[in-house]
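To keep things clear, I will list the structure first and then write my remarks on it.
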Amino acid sequence: MLLPLLLLLSLLLLIIKTSQRKKGKLPPGPPKLPILGNLHQLGALPHRSTWKLSKKHGPIMLLQLGATPTIIVSSAETAREVLKTHDLDCCTRPPLAGPKRLSYNFLDIGFVPYGYYWREIRKICVAELFSVKRVQSFQSIREKEVNLLVNSISVSATLASPVDLSKEFFSLAASITFRIAFVKKFQGSELDNDKLQKVVYEAQAMLGSFCDSDFFPSVGWVIDWLTGFHRRLESSFHELDVLFQQVIDDHLNSRRNVQNQEDIVDVLLRMERGRTENSAIQLTKDHIKAILMDIFLAGIDTGALTMIWAMTELARKPIVMKKAQCEIRRCVGKKEKLTENDVSQLPYLKMIVKETLRLHPPAALLLPRETVSQFKIGDYDVFPKTRIAVNVWAIGRDPDIWKNPEEFFPERFIDNPIDFQGQHFELLPFGAGRRICPGMNMGMAMIELALANLLHFFDWKLPSGMKEMDIDMEEMASITVGKTSALKLMPINYNISEGDKT
């Protein structure tokens, strides 16, 4: 009896809110249902469903998601207007509602609204944690962890057994992230690889899930409580909170000399201890947990997914893989180890990574923004409290920009200035403007080094009886978009001294 009453109340509030909205020329969009609006049209893969809808309604499209008006932009031109021309007008985030707000008890920079706190925390991240100098300081960690992965895969190659690259890439990204943020590896701790992967996936699923309070703020939180969504969310973030608190306690109780081995937690604790009344922002343990949350979730999953999709596409295109291997082996020669200094001399490998990010951006729909003032996109009026999502997946498949957009073709970047640094709106895997991903350089260093090593030290073939066309390309989506099935390939050790297979 309660649910129909809540739905009726929600409908009344939606009618009142709609009637009060100022008139203007709104973007086109598909017809909507009462109460639900266009929620029923999103489906399991919103980046694909909104892409299909945009083909009919245009690159500036208005969807009514419950009580929340949402504009989807799906072209480079409209993305430029949102992320550059009107960046300040729509650089805040929709507030976390209902159980998400209650469970998410530390302030995350990725979701916190635009304002003084966000600006100061971002300065800390950019200047102290993700600067070029800081990224370079972790080079030895990345190289050591990649070497361990190479050694592990070499054993599998000797035994002629397939390797689950999905699992290996996740483990690599987790190990590097843990050691950069916490110094120690996660193996041997209470979180083994499988459990860590479940914790990360669950946290991302919760943040990326559609809960009723997101779209019906006035009454949806009650439904979230009744359906058990709040309980599941609370459990997920409690696990992360316990982990981060344990890491902080370990650092506070440790007597080690961190002068020559300062990790990100050390940096943040040092800044917390050094705060004064004149400090721009007074860091607390909750602030530290918030930053660790971003590094933990964004750093592990997005990097792993990019490596998985890259190797998947290369497995489907053996000629492209062979060309990359020839470049790497010609550059590295007979050296026993491949370092980040070598990677800087591999332009074709960098093209492969760009092409992977074009076809498979980890965040296919950039995290939604919320407008703070009225402005225009094209000929259409945009009002305050409107959400805006940029479909970078659709932009990467725009035939007006990319020839044969569905084809994996790294050569399209030869003599092509388009890059992913946020200045070219044809390629936006990390976003642009004030909300661009601050950890972009950290992630790219890991991705390029790992792929270069795996292509240098091994030849790869499909499991027995499998053909390129049999590789599963099905997607699953939360905040990020990954492969539904694991990628398993057969490694063959490459004899560096002789230049052939063993």
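Start counting the sequence shown at 3; every next residue gets the next number (our numbering).
Positions of the beta carbon are idealized from the N, C-alpha and C atoms, including for glycine.
Given the structure is predicted, the values throughout are model-derived calculations rather than measurements.
Residue i in three-state terms, based on DSSP
i	result
THR304	helix
GLN189	Unreliable positioning characterises GLN189 in this predicted model, as indicated by a pLDDT of 49, which lies under 50. The coordinate reading is nonetheless provided below. GLN189 falls in the coil class under three-state DSSP.
GLN66	strand
ASP461	strand
ALA488	coil
ASN497	strand
PRO115	coil
THR72	strand
ARG95	coil
LEU368	coil
Beta-carbon proximity list for residue i, same chain, < 8 Å, skipping 5 on both sides
i	result
GLU357	GLU315, PHE410, PHE411, PRO412, ARG414 and PHE415
ILE403	ALA78, ILE397 and GLU428
ALA454	ILE330, LEU340, ASP344, VAL345, LEU348 and LEU351
ILE310	LEU167, SER168, PHE171, GLY484, LYS485 and LEU489
LEU491	PRO164, VAL165, LEU167, MET313, ALA317, TRP462, LYS463, LEU464 and PRO465
MET323	LEU316, ALA317, LEU457 and TRP462
GLN43	PRO32, SER51, LEU55 and LEU65
LYS58	PRO32
For residue i, the first and last residue of its enclosing beta strand (DSSP E)
i	result
ASP383	382-384
GLY433	Looking at the DSSP string, GLY433 is not in any beta strand (DSSP E), and its letter there is neither H nor E.
LYS485	483-485
GLU477	477-479
Neighbourhood of residue i by C-beta distance below 7 Å, restricted to the same chain and skipping five residues each side
i	result
PRO61	VAL75, SER76, SER77 and THR80
LEU307	PRO364, THR482 and GLY484
PHE217	LEU41, LEU67, GLY68, ALA69 and THR70
ARG272	none
ALA488	ASP166, SER168 and LYS169
LYS287	ILE250
TYR203	none
LEU28	LEU64, TYR382 and ASP383
Cβ-Cβ distance between residue i and residue j below 8 Å
i	j	result
ARG371	ARG95	yes
HIS49	PHE377	no
GLY26	MET63	no
VAL355	GLU450	yes
LEU228	ALA205	no
PHE132	MET444	yes
HIS289	ILE123	yes
VAL249	VAL267	yes
SER215	ASP226	yes
ALA1	GLY305	Any answer about residue 1 is impossible in this case: the structure gives the chain only from 3 up to 504.
LEU47	GLU477	yes
LYS200	PHE246	no
ALA447	ARG181	no
GLY39	LEU55	no
GLU342	GLN141	yes
VAL134	ALA452	no
PRO431	VAL394	yes
LYS336	ILE498	yes
ILE283	TYR116	no
THR179	ILE302	yes
ILE494	ALA159	yes
Contact set for residue i: own chain, Cβ-Cβ below 6 Å, skip 5 residues either direction
i	result
ILE390	ILE73, VAL84, CYS92 and ARG371
ILE297	ALA183
LYS387	none
PHE459	VAL152 and TYR496
HIS362	TRP311
LEU209	ILE481
Start and end residues, alpha helix (DSSP H) containing residue i
i	result
PRO29	Where PRO29 is concerned, there is no enclosing alpha helix (DSSP H), given that its DSSP letter is neither H nor E.
ASP118	With the sequence shown as reference, residue 118 is identified as Tyr, and Asp is not the correct amino acid for it. Per DSSP, TYR118 belongs to the alpha helix (DSSP H) from 118-126.
THR179	167-184
ASN343	342-345
ASN149	141-160
ILE330	320-334
LEU359	349-361
LEU270	266-275
PRO48	48-59
THR80	78-82
Item to complete: Counting only runs of 4+ residues fully inside the segment 377-455, write out the alpha helix (DSSP H) ranges in chain order.
Response: 394-397
Worksheet entry | Secondary structure, beta strand (DSSP E): runs of 3+ residues fully inside the segment 198-249 | none
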